[in-house]
Structure formats: structure tokens, C-alpha cells
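Start counting at 1 in the sequence shown, then tack on 54, and there's your number in the working numbering. Note that CB positions come from ideal geometry on N, CA and C, so glycine has one too. Only one structure is covered here, and it is reproduced in the block below.
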Amino acid sequence: MIVVELGRADADAAIALWEAAGLTRPWNPPRADFDRAVAGPASAVLGIRDGGALVATAMVGEDGHRGWLYYLAVDPARRREGLGRALVAAAEAWIAARGGVKAQLMVRGDNADAAAFYERLGYDVQDTVVLGRRLDG
Ligand SMILES: CC(C)(COP(=O)(O)OP(=O)(O)OC[C@H]1O[C@@H](n2cnc3c(N)ncnc32)[C@H](O)[C@@H]1OP(=O)(O)O)[C@@H](O)C(=O)NCCC(=O)NCCS
């Protein structure tokens, strides 16, 4: 399974995958999220292709203290084949290569499947409440 770093030309395919995986929300324009993540050195979108088709993605970023995962999506027809595990491993390696010692992520409260997947990979629920405030309006 070869994990590659995606570029701007992959945006449409990645967004189609995010939509199929139910990850997009109206208040987070996916194109802007994708373009921003592939533009700078502190973030990337990783992907796995099969026969030219993008079948899995994960966005990864580091904030100078921790590494974060976002937009982990596997093609609904290709789940339970190890693609998600491979992408998380690649994202962890990406973070570690930049000096990060911790990977973390947010799972929406109603996404029990994702929580079960991450727990299987050794992640545990942190005793932390995430607070947020929008800065764009
Ligand atoms: C979550 C997701 C990325 C998992 O991808 P996947 O390729 O099917 O996962 P893998 O095949 O790599 O599974 C890795 C391990 O997790 C387990 N697992 C996968 N999905 C699981 C689930 N829904 N419940 C419990 N365990 C699960 C697998 O059995 C496997 O365990 P094993 O290797 O010890 O046998 C995929 O279901 C998905 O795209 N979901 C929709 C998008 C989403 O919710 N993303 C996360 C946002 S926070």
C-alpha cells in the first residue's frame, strides 16, 4: 500500500471521497480546506490510489506542539481492507518526522464507528473538552 502526498490536482477526487464518507459540513468549505492543507509546510493531505483512483485520504498537520489528523476517509466500497490503518500510520510517521511526539484528532460525538476504529489503533479518549469559536463571521 503506497501512501503519497496529494497535490492541488487531486482536490476534486479527495472532496468526492470526503463527501462519500460523510465528512463535509456546510461551514467548512472542503476546497478551501484542501488547498490550504497542501499549500504549506505544516500540513499535507495523504492519499492511497488504486489503479489511478483515489481510495483513501487523511489530512495531517502540526501546530508546533502536536500533530493532528483530519478528513480520514476510505472509499465506502474499500473499507475493512486496512487502508485506514495504513493512512493513520503514514500520518503518524509524517508527524514524527517533524518532531511531533503526539498525534490526536477530534471525532464527532455521533461517529461511534470512527471512535471504535481509532480505539482499535491504540488511541484513547482524552479527558479534555474542546472549546472553539469561529473567526470568520
Ligand atoms: C473509519 C474509517 C476511516 C476506517 O477505515 P478502514 O479502512 O475501513 O479501516 P481498516 O480496515 O484499516 O481497519 C483497521 C482496524 O479497525 C477496525 N475497524 C474499522 N472500522 C471499524 C468500525 N467501524 N468499528 C470497529 N472497528 C473497526 C478494523 O476491524 C481493523 O481492525 P484489525 O486490523 O485489528 O482487524 C472508514 O470507516 C471511514 O472512512 N469512515 C467514514 C469517515 C470517518 O468517519 N472518518 C473518521 C473521521 S474522525
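Less than 8 Å between the CB of residue i and some heavy atom of ligand 1, yes or no?
i	result
ASN82	no
ARG85	no
PHE88	no
ALA107	no
ARG133	yes
ALA98	no
MET160	yes
ASP178	no
ALA144	no
GLY121	no
ARG20	Residue 20 is absent from the structure shown; the chain starts at 55 and stops at 191.
ASP167	yes
ALA65	no
Straight-line CA distance for residue i to residue j?
i	j	result
LEU203	LEU77	Since the first residue shown for the chain is 55 and the last is 191, residue 203 is missing from the structure and cannot be characterised.
ALA85	ILE69	With the sequence shown as reference, residue 85 is identified as Arg, and Ala is not the correct amino acid for it. Those two C-alpha atoms are separated by around 7 Å.
ALA131	ALA75	10 Å
ALA166	ARG152	30 Å
ARG188	ALA110	29 Å
PRO95	ASP181	30 Å
ALA168	TRP122	15 Å
ALA126	ARG120	Before going on, a small fix: residue 126 reads as Leu here, not Ala. Computed Cα separation, rounded: 17 Å.
GLY191	TRP81	11 Å
ASP117	ARG62	22 Å
ARG133	LEU141	12 Å
In the DSSP assignment, what residue or residues form a beta bridge with residue i?
i	result
LEU108	ARG103
TYR124	MET113
VAL58	GLY101
ARG79	ASN82
Enumerated in chain order, which unbroken segments of the alpha helix (DSSP H) with a length of 4 residues or greater are wholly contained in the region 137-180?
137-151 and 166-174
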